[in-house]
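K.L.:
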Amino acid sequence: MARRNRLLLIGSVLLLLSVHLLSTGVRQGDLSSRPRRILMDVMFPLDAAMARVARTAEHIYRSYFDLVGVNEQNQQLKARLAQLDLLQARLTEVEADNRRLSELLEVRRALSMKAVAANVIGGDATGMSRSIVVDRGERSGVKPGLAVLSEQGVVGKVIAASRHSARVLLLEDHNCAADVLDQRSRIHAIVAGAVDDGVVLKYVQRSEDVKPGDRLVTSGLDGVFPRGLLVGTISQVRPQSSGLFLDVRVAPAVNFRQLEQVLVLTEEPPRSIDHN
Amino acid sequence: MRIAVLFSVAAFAALVVQTSVMHLLGVVTLVPDLLLVLAVNLGLRHHNMVAAILAFALGYATDAFSGTRIGLNSLLVTLVFLLCYETSRHLWVNNDAVGAAAVFLAVVFKDFGTLLLSGAGGDLRLHAGRILAQIFARALLTACLTPIVFALLRRGGRLLGLPPSGQRG
Chain A
3 MARRNRLLLI GSVLLLLSVH LLSTGVRQGD LSSRPRRILM DVMFPLDAAM ARVARTAEHI
63 YRSYFDLVGV NEQNQQLKAR LAQLDLLQAR LTEVEADNRR LSELLEVRRA LSMKAVAANV
123 IGGDATGMSR SIVVDRGERS GVKPGLAVLS EQGVVGKVIA ASRHSARVLL LEDHNCAADV
183 LDQRSRIHAI VAGAVDDGVV LKYVQRSEDV KPGDRLVTSG LDGVFPRGLL VGTISQVRPQ
243 SSGLFLDVRV APAVNFRQLE QVLVLTEEPP RSIDHN
Chain B
715 MRIAVLFSVA AFAALVVQTS VMHLLGVVTL VPDLLLVLAV NLGLRHHNMV AAILAFALGY
775 ATDAFSGTRI GLNSLLVTLV FLLCYETSRH LWVNNDAVGA AAVFLAVVFK DFGTLLLSGA
835 GGDLRLHAGR ILAQIFARAL LTACLTPIVF ALLRRGGRLL GLPPSGQRG
């Protein structure tokens, strides 16, 4: 009985501690965020190693599987070919990386802001949230609240950083939002992730002028994303079954499933003034 | 302390699977909640204070790699631990099938809790069908993996000299 009471007591204390953490909100640098940073630092080499192993396995799979069933007489030649294939696969990959990095560099030049390129090395620990882990952290100037972009457009924002890695909340997460502007009608709205997957435009009144095909760009008013970055295109507009607003679906400019490299802006953008 | 070693190693392995392996496989929504399986195992089979603290730590670890709020998963996983503990005091649960059923219910409970506490109740009302399908699919997948995880924990426990799962402590 005493053991049960002790266990229930410690359980209650831990529940209260959780509620305290939840209600106060943990900021970077807080004592309660230190275990998270340590965990991220410990997990970084594991995630990075897994990513490397996966890339190597992919190379081997791509270049070596074609060689199954080789003639024994051509063994040496085939082995040489396999080496060349491996080299070619690696070069192709390097070329693809180079192309993506060049495009990211273009974005960085166009924005004229400080930024670092980062590799995606992990995903979210549960299916309830949409985030990725990147291999750049505080040592590269990455800190929570900074914008993350790809050559296609807005990816999301940094929500936690350790020394070597950072977690990025994707725009398709229901806790992530960006202030946007419809390029055609100049209407302001909020783009956010939907719980059931996808991205939606929130708080658009029924009377407002939005159409499928309209391009959405960041307004710069949220203090996270610089003005003028492509967020996506409106794919569907229909009135909500109840309420004042329209149900607007957005096709994001970024393919979140195929992200390999991203650009993290290491400085906050200047606050835009709304010219509308 | 051997239980802490066993579950720390298991937690790191589970985190690697959930964050890295699933990401590399291109799986986004159907990620099995292996850390929750560990918490359920603690609740059903290890009735001591270290187990309670470990359950909280498992929740914190989930918070570190998912979602935006530290404390959300800690709260829900600790609750799951306490519920499993109470259940195991009244029901015969030394069976992997019962463990899998408990994990199924735990995933559903935790996912709904996450949605409600993170203020996504409105979305839940609007897109109930799709969200429910995702949650139940995840719960089913996690429940299917439960016997494997429990077996690995038993084997790890034997290696470390922990008493068999029927004997709690």
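Protein chains in written order, with this note's numbering: chain A, 3 to 278; chain B, 715 to 883.
Even for Gly, the Cβ is constructed at its ideal location relative to N, Cα and C.
1) Report the CB separation of D216 (chain A) from D184 (chain A) in whole angstroms; it is logged as a contact under 8 Å.
2) Could you check which residue in A:E262, A:V156, A:K213 has the C-alpha nearest to that of V233 (chain A)?
3) Identify the contact partners of V730 (chain B) in chain A, using a Cβ-Cβ distance below 7 Å as the criterion.
4) Which first and last residues belong to the alpha helix (DSSP H) in which V28 (chain A) is found?
5) How big is the Cα-Cα spacing for I62 (chain A) and S133 (chain A)?
6) List the endpoints of the continuous beta strand (DSSP E) containing S243 (chain A).
7) Could you compute how far the alpha carbon of P861 (chain B) sits from the alpha carbon of H22 (chain A)?
8) Can the beta-carbon of V160 (chain A) be found less than 8 Å from the beta-carbon of L148 (chain A)?
9) Since S798 (chain B) and A816 (chain B) should fall inside the 8 Å C-beta cutoff, what is the C-beta to C-beta distance between them, to a whole number of angstroms?
10) Taking all protein chains shown into account, do 16 or more other C-beta atoms lie within 10 angstroms of the C-beta of H737 (chain B), making it buried, or fewer, making it exposed?
11) Flag this pair as yes or no: are the beta carbons of G222 (chain A) and P254 (chain A) separated by less than 8 Å?
12) Run through DSSP, which three-state label would L876 (chain B) get?
13) Buried or exposed, going by whether 16 or more other CB atoms sit within 10 Å of the CB of R176 (chain A)?
14) Mind reading off the beta-carbon distance from D32 (chain A) to H166 (chain A)? Whole number of angstroms is fine, and I expect it under 8 Å.
15) Could you check which residue in B:L874, B:R716, B:L831, B:F726 has the C-alpha nearest to that of G781 (chain B)?
16) Would E174 (chain A) be called buried (16 or more neighbouring beta carbons within 10 Å of its own) or exposed?
17) Start and end of the alpha helix (DSSP H) containing D198 (chain A)?
18) Output yes if chain B places a C-beta closer than 8 Å to the C-beta of V264 (chain A); else output no.
19) Any Cβ of chain D within less than 8 Å of the Cβ of N762 (chain B)?
20) Taking a Cβ distance cut-off of 7 Å, strictly less, list which residues of the region 173 to 197 of chain A are near chain B, in chain order.
21) With a CB to CB cut of under 8 Å and the five nearest residues on each side skipped, what residues in its chain are close to R852 (chain B)?
22) For D49 (chain A), count neighbouring C-beta atoms within 10 Å of its own C-beta (all shown protein chains included) and say buried if the count is 16 or more, exposed if not.
23) From the DSSP output, in three-state form, read off T782 (chain B) for me.
24) Which residues of chain B have a Cβ atom closer than 9 Å to the Cβ of D126 (chain A), listed in chain order?
P.N.:
Once the coordinates are examined:
1) For the purposes of this step, residue 216 (chain A) is taken as the residue at position 214 of the first sequence. For the purposes of this step, residue 184 (chain A) is taken as the residue at position 182 of the first sequence. Yes, D216 (chain A) and D184 (chain A) are in contact; Cβ-Cβ is about 5 Å, under 8 Å.
2) Residue mapping note: residue 233 (chain A) aligns to position 231 of the first sequence, counting from 1. Of the candidates A:E262, A:V156, A:K213, the one whose C-alpha sits nearest the C-alpha of V233 (chain A) is A:V156.
3) Your numbering for residue 730 (chain B) matches position 16 in the second sequence. L48, M52, listed in chain order.
4) In the first sequence, the residue the question calls residue 28 (chain A) occupies position 26. V28 (chain A) -> no alpha helix (DSSP H), and no H or E assigned at all.
5) What you label residue 62 (chain A) is simply residue 60 of the first sequence in a count that begins at 1. What you label residue 133 (chain A) is simply residue 131 of the first sequence in a count that begins at 1. Taking the straight line joining both Cα atoms gives about 29 Å.
6) Taking the first residue of the first sequence as position 1, residue 243 (chain A) is located at position 241. Element bounds for S243 (chain A): n/a, residue is neither H nor E.
7) For the purposes of this step, residue 861 (chain B) is identified with residue 147 of the second sequence, where counting begins at 1. For the purposes of this step, residue 22 (chain A) is identified with residue 20 of the first sequence, where counting begins at 1. Going by the C-alpha atoms only, they are around 34 Å apart.
8) Position 158 of the first sequence, counting from 1, holds the residue named residue 160 (chain A). Position 146 of the first sequence, counting from 1, holds the residue named residue 148 (chain A). The answer is yes: Cβ separation under 8 Å.
9) Residue numbering aside, residue 798 (chain B) sits at position 84 when the second sequence is read from its first letter. Residue numbering aside, residue 816 (chain B) sits at position 102 when the second sequence is read from its first letter. Per the sequence shown, the amino acid found at residue 798 (chain B) is Cys instead of Ser. About 6 Å separates the two Cβ atoms, so the contact holds.
10) By one-based count along the second sequence, residue 737 (chain B) stands at place 23. With 16 or more Cβ atoms within 10 Å of its Cβ, H737 (chain B) is classed as buried.
11) Counting from one through the first sequence, the residue named residue 222 (chain A) turns up at place 220. Counting from one through the first sequence, the residue named residue 254 (chain A) turns up at place 252. No, the pair does not count as a contact, with Cβ atoms beyond the cut-off.
12) As a position in the second sequence, residue 876 (chain B) is number 162, starting the count at 1. The answer is coil: DSSP assigns L876 (chain B) none of H, G, I, E or B.
13) Indexing the first sequence from 1 puts residue 176 (chain A) at position 174. The sequence given here has His at residue 176 (chain A), not Arg. The residue in question, H176 (chain A), is buried, as its Cβ has 16 or more Cβ neighbours within 10 Å.
14) Indexing the first sequence from 1 puts residue 32 (chain A) at position 30. Indexing the first sequence from 1 puts residue 166 (chain A) at position 164. That pair is no contact at about 20 Å.
15) One-based indexing of the second sequence puts residue 781 (chain B) at position 67. The residue with the shortest Cα to Cα distance from G781 (chain B) is B:L831.
16) By one-based count along the first sequence, residue 174 (chain A) stands at place 172. Its Cβ being crowded by 16 or more others within 10 Å, E174 (chain A) is buried.
17) By one-based count along the first sequence, residue 198 (chain A) stands at place 196. Run containing D198 (chain A): none; DSSP gives neither H nor E here.
18) Residue mapping note: residue 264 (chain A) aligns to position 262 of the first sequence, counting from 1. Taking Cβ atoms only, chain B never reaches closer than 8 Å to V264 (chain A), which makes this a no.
19) Annotation note: the requested chain D is absent from the structure, which comprises protein chains A and B.
20) H176, N177, A196, V197
21) If you number the second sequence from 1, residue 852 (chain B) lands on position 138. So the qualifying residues of the chain are T743, L744, V745, P746, D747, V821, D825.
22) Against the first sequence, residue 49 (chain A) aligns to sequence position 47. Burial call: buried.
23) Your numbering for residue 782 (chain B) matches position 68 in the second sequence. Coil, per DSSP.
24) Locating residue 126 (chain A) in the first sequence gives position 124, counting from the first residue. Those are Q732, T733, M736, H737, V742, V745, F779, S780, G781, listed as they occur along chain B.
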